[in-house]
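Colleague: One point on numbering: in my numbering, the residue at position 75 of the sequence shown is 100, and numbering is uninterrupted. Glycine is no exception: its CB is placed at the ideal position from the N, C-alpha and C atoms.
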Amino acid sequence: MPAIDLDRIAELARIELTPDSAAAFRADLQRVLALVDRLQAVDTTGVAPMSHPLDLPQRLREDVVTEADQRDALLALAPTAENGLYLVPQVIE
Numbered sequence: 026m027p028a029i030d031l032d033r034i035a036e037l038a039r040i041e042l043t044p045d046s047a048a049a050f051r052a053d054l055q056r057v058l059a060l061v062d063r064l065q066a067v068d069t070t071g072v073a074p075m076s077h078p079l080d081l082p083q084r085l086r087e088d089v090v091t092e093a094d095q096r097d098a099l100l101a102l103a104p105t106a107e108n109g110l111y112l113v114p115q116v117i118e
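(1) Starting from Leu54, trace the alpha helix (DSSP H) in both directions and tell me its first and last residue.
(2) Are Ala93 and Leu100 closer than 8 Å when you measure CB to CB?
(3) Which class does Glu107 belong to by DSSP, given the choice of helix, strand or coil?
Dropping the structure here:
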């Protein structure tokens with residue numbers, strides 16, 4: 026893996042790499058990528074996708090209110106709010 030790729034990955038992950046830690050990080054990353062390659066090589070034809078490896082029902086709790094309504098108190102902390110909504114600067118034109 027070229028050094029520039031490693032530096033970019035560290036920047037995106039917000040990881041500070043020292044020259045000493047860069048070699049260890051590179052080796053760890055190469056092991057992860059090798060594992061991904063092995064997983065992608067597995068033939069999954071005819072295997073149904075699943076969200077969990079065990080076929081167990083979910084234990085659901087009753088949907089009850091456990092906290093007091095704090096909307097007005099929380100909106101009061103915002104720099105700007107209107108009609109029960111936080112107003113934020115537009116970021117997409």
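Modeller: Based on what the coordinates show:
(1) Annotation for Leu54: the continuous alpha helix (DSSP H) segment containing it runs Pro44 to Gln65.
(2) At a Cβ-Cβ threshold of 8 Å, Ala93 and Leu100 do not count as neighbours.
(3) Glu107: strand per DSSP, three-state reduction.
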